[in-house]
Structures are given as C-alpha cells and as structure tokens.
Amino acid sequence: MADSTTTAERRSRAGFDLSPPNPEQFRALVKNLDDEERRVILEHGTERPFCGIFNEAKEKGTYCCRLCGLPLFHAGTKFESGTGWPSFFDPIDRDHIAFIRDNSYGMVRTEIRCARCEGHLGHVFNDGPPPTGERYCMNSVSMRFVAEGDPLPDELGRGAPEGEVTG
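With full-length UniProt numbering applied, the sequence shown corresponds to residues 1 to 167, in that order.
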C-alpha cells in the first residue's frame, strides 16, 4: 500500500496539483538547467538587475515556474517597477507561491519560491501598486513565458492544463 503522506495530491484553488515532484522527476527537471539557472533557482541566487529577458517584456500570456511549469503570474499583472527585475503585483493563485522569511545580507525580506518544486523565484515587497500593494520581484531565469493561447507546460506529466488560468 502506498504511503498517503507522500502520494496525496494537493490542489490549489485554481485547480493545479501542488504535490512536489518525486526524486526521479526532480532530477529530470534540474538536468537541463544551465549554470545561471542552477545558481538562482536551486541555490537561491539573484540575477543581475536590468539583464533578465523578461524585464521589459510586454506580451500577453502566462509566466510559469522555469523548473516545474506551475503558472505563477498573468502578464497583465506585470508592471514597471524601475528595479531592474520583472515585477508583478498579484500571483495567479497565492497557493502557487511559498513565502519564506529571509534574513540574509543583514535584511529581513520575504523570499518567494514555487509552492510545487521549491525553486527560488525572488522576493516580495510591500511597495507595489494597487490593488495588492505587493511587488513580486522576480528573476527572469526562474520563469518561462507561455504566450496567450499556447498550452501550459506539463513537465510532471499531470495532464496540463491541470487547472484554470483565468484573467
């Protein structure tokens, strides 16, 4: 009999399976990361400001986790923060983001990670625009972009689209 604590499916309000990848799936996901993606996503690094491919992007679509493909943000929630990193004011579903207290570099911040694979995404700050007042400051290498109308990624073979990306 399977251990229900490791195989139980956990779904977000948007309907996406948030159960983590198993060790074999995780190894397959990280196998194709380049050095910069590994440094940022797995080692909680930060890309240099004003160099990310999504910093000035304006196309319609969905920004997903680079590692596991979980949808994170609609392009319509992206805004110009002037910080040098792609910034968003509202995630697709707050269940898709894990919020972690970060005391590194003598600061108290909130790190954000993918709730499914735990890949480092960036940090969230309380200086964003209405309606949330939040600024999700993202690393471009932590995301992939899916143009409006294109299918969402199904990196874990869970039958994407698993839920609904509305908006």
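C-beta atoms are modelled at their ideal positions from N, C-alpha and C, and glycine is treated no differently.
Residue i burial status per 10 Å Cβ neighbour count (16 or more: buried)
{"i": "Arg-27", "result": "exposed"}
{"i": "Met-143", "result": "buried"}
{"i": "Pro-23", "result": "exposed"}
{"i": "Val-108", "result": "exposed"}
Interface flag, residue i vs chain C, CB-CB below 7 angstroms
{"i": "Thr-77", "result": "Protein chains in the displayed structure number just one, and chain C is not present."}
Sequence-distant residues of the same chain with beta carbon closer than 8 angstroms to residue i, five excluded per side
{"i": "Ser-87", "result": "Lys-78, Phe-79, Glu-80, Ser-81, Gly-128, Arg-135, Tyr-136, Cys-137, Met-138"}
{"i": "Cys-38", "result": "Cys is not the amino acid found at residue 38; the sequence shown has Arg there. Closer than 8 angstroms at Cβ, skipping near neighbours: Val-30."}
Separation of residue j from residue i, as counted between CA atoms
{"i": "Glu-148", "j": "Gly-69", "result": "15 angstroms"}
{"i": "His-123", "j": "Ile-112", "result": "5 angstroms"}
{"i": "Leu-42", "j": "Arg-13", "result": "26 angstroms"}
{"i": "Phe-125", "j": "Ser-104", "result": "15 angstroms"}
{"i": "Pro-131", "j": "Ser-140", "result": "24 angstroms"}
{"i": "Gly-159", "j": "Arg-66", "result": "18 angstroms"}
{"i": "residue 188", "j": "Glu-9", "result": "The displayed coordinates of the chain run from 1 to 167. Any statement about residue 188 would go beyond what the structure contains."}
Neighbourhood of residue i by C-beta, 7 angstroms cutoff - its chain only, sequence neighbours within 5 removed
{"i": "Gly-84", "result": "Pro-49, Phe-50, Asn-55"}
Close Cβ partners of residue i (< 6 angstroms) along its chain, the five nearest in sequence each way excluded
{"i": "Ala-75", "result": "Lys-60, Gly-61"}
{"i": "Asp-93", "result": "Ser-12, Arg-13, Ala-14"}
Supposed close pair residue i, residue j - CB separation, criterion 8 angstroms
{"i": "Glu-118", "j": "Leu-29", "result": "Their Cβ separation, rounded to whole angstroms, is 11 angstroms, which puts Glu-118 and Leu-29 out of contact at 8 angstroms."}
Query raised in the report: Which runs of the beta strand (DSSP E), 3 residues or longer, sit entirely within the UniProt domain "MsrB" (26-148)?
Result: 61-65, 71-74, 97-102, 109-114, 120-125, 135-138, 143-147
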